[in-house]
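Data block below; observations after.
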């Protein structure tokens, strides 16, 4: 029992010595001064609230003027400006088409069902006889020559008009009493201008005062319809 007590005393003394040595060497590993932190309340008051604009209250300095004579535009002498005429257009493609003739206020769009062509630019429907405005009709008895060939282009033009219509309704701008006499009127088949189709394909000629002059020139150049070979 005596040996056990001595061993415990010896171990306790060694523990005290080791603790003293650890405390003595801990100063080498720890910083000499610990950082100081402000209290939580003071830190919250020092930080600006989110969404609140903070204005700089320091006195500002006026902007300096640098090289005003180089940055500002030079004075303009209007006496040296001369107005000249605009240049002519580069081609006819960019030219605006002439305005259409305005219709009287009492004219209304009217649907004409089951139209039948009686010549190249004239049709009958629902008891009315309509001439497509802006066109020159080709008489059914007219003949055309192409080279050495002579062919009945008037009959062919009427047949081409009927084949294109196929009995579909036309929308025409007509006066209230159009059923009493034949009248020239613009007509549409769906979204297609009837007069433009006839002249562009060579089955009618353009009226001198109409809007289809360019379409006729194209048809003549391409030898379409009455301007081409027998069909």
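Residue numbers (the working numbering): 2 to 232. For each residue, glycine too, the CB sits at the ideal point set by N, CA and C.
Legend entry - Buried versus exposed call for residue 146 [16 or more other C-beta atoms within 10 Å across all chains shown]: By the neighbour-count rule (16 or more Cβ atoms within 10 Å), residue 146 is not buried but exposed.
Legend entry - Beta-ladder partner(s) of residue 173, from DSSP: Looking at the DSSP assignment, residue 173 forms a beta bridge with 111, 188.
Inset, instruction - Can you grab the Cα-Cα spacing for the pair residue 127 / residue 116, in whole Å? - result: Going by the C-alpha atoms only, they are around 8 Å apart.
Legend entry - Nearest candidate by alpha-carbon position, reference residue 142, set 132, 120, 214: If we check each option's Cα against that of residue 142, 120 comes out closest.
Inset, instruction - Could you please give me the residues that DSSP links to residue 206 through a beta bridge? - result: 137
Inset, instruction - My understanding is that residue 209 touches residue 196, with C-beta atoms under 8 Å, so please give their C-beta distance in whole angstroms. - result: So it is not a contact: roughly 14 Å between Cβ atoms.
Inset, instruction - Could you tell me if residue 217 is buried or exposed, where buried requires 16 or more neighbouring beta carbons within 10 angstroms of its beta carbon? - result: buried
Legend entry - Opposing strand residues paired with residue 120 [DSSP bridges]: 123
Legend entry - Chain-order list of residues whose beta-carbon lies under 6 Å from that of residue 1 (same chain, five-residue window excluded): Nothing about residue 1 can be reported from this structure: the residues present for the chain run from 2 to 232 only.
Legend entry - residue 149 classed as buried or exposed, judged by whether at least 16 other C-beta atoms fall within 10 angstroms: exposed
Legend entry - As assigned by DSSP and simplified to three states, the class of residue 167: coil
Inset, instruction - Could you pull the start and end residues of the beta strand (DSSP E) that residue 150 belongs to? - result: 150 to 152
Inset, instruction - Determine the contact status of residue 199 and residue 228, defining contact as a CB-CB distance below 9 Å. - result: no
Inset, instruction - Ignore the nearest five residues each way along the sequence and tell me which others in residue 174's own chain have a CB closer than 6 Å to its CB. - result: 104, 108, 110, 186, 187
Inset, instruction - For residue 182, count neighbouring Cβ atoms within 10 angstroms of its own Cβ and tell me buried if that reaches 16, exposed if not. - result: Exposed.
Inset, instruction - Evaluate residue 167 with the Cβ neighbour count: other Cβ atoms within 10 Å of its Cβ, from every protein chain shown; 16 or more gives buried, anything less gives exposed. - result: Under this definition residue 167 is an exposed residue.
Legend entry - Counted within 10 angstroms of its Cβ, other Cβ atoms place residue 207 as buried (16 or more) or exposed: buried
Legend entry - Proximity winner among 131, 122, 224, 144, relative to residue 159 (alpha-carbon distances): 122
Inset, instruction - Report buried or exposed for residue 144, applying the criterion of at least 16 other Cβ atoms within 10 angstroms of its Cβ. - result: exposed
Legend entry - DSSP-derived helix/strand/coil call for residue 232: Of the three classes helix, strand and coil, the one that applies to residue 232 here is coil, per DSSP.
Legend entry - DSSP state of residue 182 mapped onto helix, strand, coil: coil
Legend entry - Any C-beta of chain E under 9 Å from that of residue 142: Here there is only one protein chain, and chain E is not present.
Inset, instruction - Would you mind stating whether residue 225 and residue 205 have Cβ atoms separated by less than 9 Å? - result: no
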